[in-house]
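A.B. asks:
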Amino acid sequence: MSKQPIGIFDSGVGGTSIWKEIHALLPYEHTIYLADSKNAPYGPKGKERIIELSIKNTELLLQQGCKIIVVACNTATTNAIDYLRTNYKVPFIGIEPAIKPAALNTKTNAIGILATKGTLSSALFSQTSTRFASDVKVIEQEGDGIVQLIEQGKLYSEEMRDLLSIYLQPMRDSHIDHLVLGCTHYPYLTPLLLDILPANIKIIDSGMAVARQTKAILEKNDLLSDRKSTPEPEFYTNLHTNVLNDLVKNKAKIEFLDF
Ligand code: DGL
Numbered sequence: 009m010s011k012q013p014i015g016i017f018d019s020g021v022g023g024t025s026i027w028k029e030i031h032a033l034l035p036y037e038h039t040i041y042l043a044d045s046k047n048a049p050y051g052p053k054g055k056e057r058i059i060e061l062s063i064k065n066t067e068l069l070l071q072q073g074c075k076i077i078v079v080a081c082n083t084a085t086t087n088a089i090d091y092l093r094t095n096y097k098v099p100f101i102g103i104e105p106a107i108k109p110a111a112l113n114t115k116t117n118a119i120g121i122l123a124t125k126g127t128l129s130s131a132l133f134s135q136t137s138t139r140f141a142s143d144v145k146v147i148e149q150e151g152d153g154i155v156q157l158i159e160q161g162k163l164y165s166e167e168m169r170d171l172l173s174i175y176l177q178p179m180r181d182s183h184i185d186h187l188v189l190g191c192t193h194y195p196y197l198t199p200l201l202l203d204i205l206p207a208n209i210k211i212i213d214s215g216m217a218v219a220r221q222t223k224a225i226l227e228k229n230d231l232l233s234d235r236k237s238t239p240e241p242e243f244y245t246n247l248h249t250n251v252l253n254d255l256v257k258n259k260a261k262i263e264f265l266d267f
C-alpha cells in the first residue's frame with residue numbers, strides 16, 4: 009500500500025485525457041499532473057531533446073515523491089521511455105498508438121493513424137506497426153499544428169476544422185474504417201472528428217488501456233492506496249492555467265510552476 013502520488017506528464021494539456029481515465033478508474037489515488045506547455049509541441053523536436061525534457065519532468069515528479077510515472081504523451085513514450093526505464097527505479101507507464109486493435113478489427117483492410125512527427129518517425133512506432141499491421145494498409149498522417157491550436161485554447165475553431173478536413177481526406181479516399189488517435193491531445197477532437205468523418209469509421213485511443221495498465225502495475229507492486237476518499241488532484245503548468253482549467257472540469261488545484 010502507498011499513499012504516494014501517481015505522477016503524470018505530457019508536453020502540455022493533452023495528457024489530461026489520460027489523467028481523466030486514471031482518475032475515473034483509481035479515484036482514491038492522489039495524482040500530480042505536469043503540463044510542459046512552455047516546451048510544446050514535442051512532436052517536431054529530435055529524440056535527444058525529447059529525452060532531456062522527459063528527464064526534467066520525471067525529476068520534478070520524483071521530487072514530489074511519486075510512486076509511479078505515467079508518460080501521458082505518445083511522443084515522449086516512443087522516444088524516451090526506454091531511457092527513463094533504464095535510468096530510474098520507479099515503474100513507468102507509457103502510451104503508444106493503438107494500432108493493434110485497429111489492425112485486428114479492420115474490415116476494409118485500411119486504417120488511419122493521426123500522430124505527431126516524433127511518434128510516427130520513432131523506432132518504437134515502426135516496430136509496433138510492422139509487428140501488428142504489416143498486412144493492413146496504414147495511412148499515416150502527421151497532425152502538424154493540432155497540438156498548438158489545442159494549447160492556444162482553439163480546440164473547436166474553424167482553423168482546427170479546416171486542418172482536420174485536409175488531414176483526413178487521404179484516409180477517407182483509402183476507405184479506412186478505424187482511425188487511431190496517436191497523440192494524447194487528440195481525444196479532445198472526437199466531437200469534431202465524429203462530425204467530419206463518415207459514421208462507419210471507428211475512432212480509437214489508448215486512454216482506457218493506459219489507466220488499466222497503471223492499475224495493474226500498482227497492484228502488482230503493492231502500491232495501491234488504501235484511502236477511502238478522493239484527494240484533490242494537483243495540476244501544474246509552466247505556461248498559462250486557463251486552457252487546463254477549461255479541460256479539467258473538476259475540483260482540482262491548478263497552478264503555474266516554473267519548471
Ligand atoms: N500529447 C503529445 C503526444 O501524445 C503531444 C506531442 C507534442 O507536443 O507534439 O504525442
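In the numbering used here, the protein residues as written are 9 to 267. Ideal Cβ placement from N, Cα and C applies to all residues, glycine included. Please read these numbers as outputs of a predicted model, since none were measured by experiment.
1. Cβ atoms of THR136 and ILE107: under 8 Å apart, would you say?
2. Rank LYS64, ILE154, CYS74 by C-alpha distance to the C-alpha of GLY51 and give the top, closest one.
3. Going by DSSP, which residues form a beta bridge with LYS97?
4. Could you spell out where the beta strand (DSSP E) holding THR192 opens and where it closes?
5. Could you pull the start and end residues of the beta strand (DSSP E) that THR39 belongs to?
6. Cβ of TYR196 within 7 Å of any heavy atom in the ligand DGL?
7. So, helix, strand or coil for THR245, using DSSP?
8. Just the C-alpha distance for LYS204 and LEU34, rounded to the nearest angstrom, thanks.
9. My understanding is that ILE16 touches ILE26, with C-beta atoms under 8 Å, so please give their C-beta distance in whole angstroms.
10. In the DSSP output, what is ILE211 paired with across the bridge?
11. How about PRO239: is its Cβ closer than 7 Å to a heavy atom in the ligand DGL?
12. Runs of 4 residues minimum, wholly inside the segment 68-142: which ones carry the alpha helix (DSSP H) assignment?
13. Could you check whether the Cβ of ALA48 sits closer than 7 Å to any heavy atom belonging to the ligand DGL?
14. Flag ASN82 as yes when its Cβ comes closer than 7 Å to any non-hydrogen atom of the ligand DGL, and as no otherwise.
15. Given TYR91, which residues of its chain have a CB within under 7 Å of its CB, disregarding the five upstream and five downstream residues?
16. Starting from the Cα of ALA141, find the closest Cα among THR127, SER62, ALA110, ALA43 and give me that residue.
17. Taking 7 Å as the cut-off, is the C-beta of GLY22 nearer than that to any heavy atom in the ligand DGL?
18. Can you determine whether any heavy atom of the ligand DGL sits closer than 7 Å to the C-beta of THR138, and answer yes or no?
19. Secondary structure at GLN149, three-state DSSP: helix, strand or coil?
20. Checking the sheet assignment: what are the DSSP bridge partners for PHE264?
21. Would you say the beta carbon of THR249 comes nearer than 7 Å to a heavy atom of the ligand DGL?
22. Distance, Cα to Cα, LYS55 vs LYS162?
23. Just to check my reading of the structure: ILE211 and LEU189 have Cβ atoms closer than 8 Å, yes? What is that Cβ distance to the nearest angstrom?
24. Give the straight-line distance between the Cα atoms of LEU122 and PRO241, rounded to the nearest whole angstrom.
C.D. replies: Taking the coordinates as given:
1. yes
2. ILE154
3. Bridge partners of LYS97: none, in fact.
4. Counting along the chain, THR192 falls outside any beta strand (DSSP E), and DSSP gives it neither H nor E.
5. 39-43
6. no
7. strand
8. The residue you asked about is not Lys; residue 204 is Ile in the sequence shown. Approximately 33 Å, taken between the alpha carbons.
9. 7 Å
10. LEU187
11. no
12. 82-95, 107-113, 125-128, 131-141
13. yes
14. yes
15. ILE59
16. ALA110
17. yes
18. no
19. strand
20. THR245
21. no
22. 28 Å
23. 6 Å
24. 30 Å
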